[in-house]
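Some notes on the structure that comes next.
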Amino acid sequence: KAAIFNEPSLKSAEINVETFKGAVQLSGFVSSQAAINKAVAVARTVGGVTSVKNDMRVK
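Numbered per this note's numbering, the sequence shown finishes at 125, counting up by one with no gaps.
Dropping the structure here:
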């Protein structure tokens, strides 16, 4: 969660982060497809993350 919230390019995004046993689910609204790609990429860099599910939408 901290990795997403600390990413400067995602500061204005409304992203919800849920985690369970290494699986991360991202949901909410972002300004562009690039922001979705960045959030998924950031989540995948976190140690212990085994999968990332994207439920974000462009607003």
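Where is the CB? At the ideal position from N, CA and C, for every residue including glycine. Here the structure is a predicted model, which means the values were calculated and not measured.
Residue environment, residue i, which counts as buried when at least 16 other CB atoms sit within 10 Å
| i | result |
| --- | --- |
| Ala107 | exposed |
| Ala79 | buried |
| Ala101 | buried |
Sheet register partners of residue i (DSSP bridge)
| i | result |
| --- | --- |
| Ser75 | For Ser75, which the question treats as bridged, DSSP gives no partner whatsoever. |
| Ala81 | The sequence as given places Ile at residue 81; Ala does not occur at that position. In the DSSP output, where bridge partners are listed per residue, Ile81 has Gly94. |
| Ala89 | Phe86, Ser117 |
Residue range of the unbroken alpha helix (DSSP H) whose run includes residue i
| i | result |
| --- | --- |
| Val108 | 99-111 |
Limits of the unbroken beta strand (DSSP E) element including residue i
| i | result |
| --- | --- |
| Lys119 | 117-124 |
Spatially closest choice to residue i from the options, by CA coordinates
| i | options | result |
| --- | --- | --- |
| Phe86 | Val115, Asn72, Lys125 | Val115 |
| Ser75 | Asn103, Ala89, Gly113, Ser117 | Asn103 |
| Glu73 | Ala89, Glu84, Thr111, Val118 | Thr111 |
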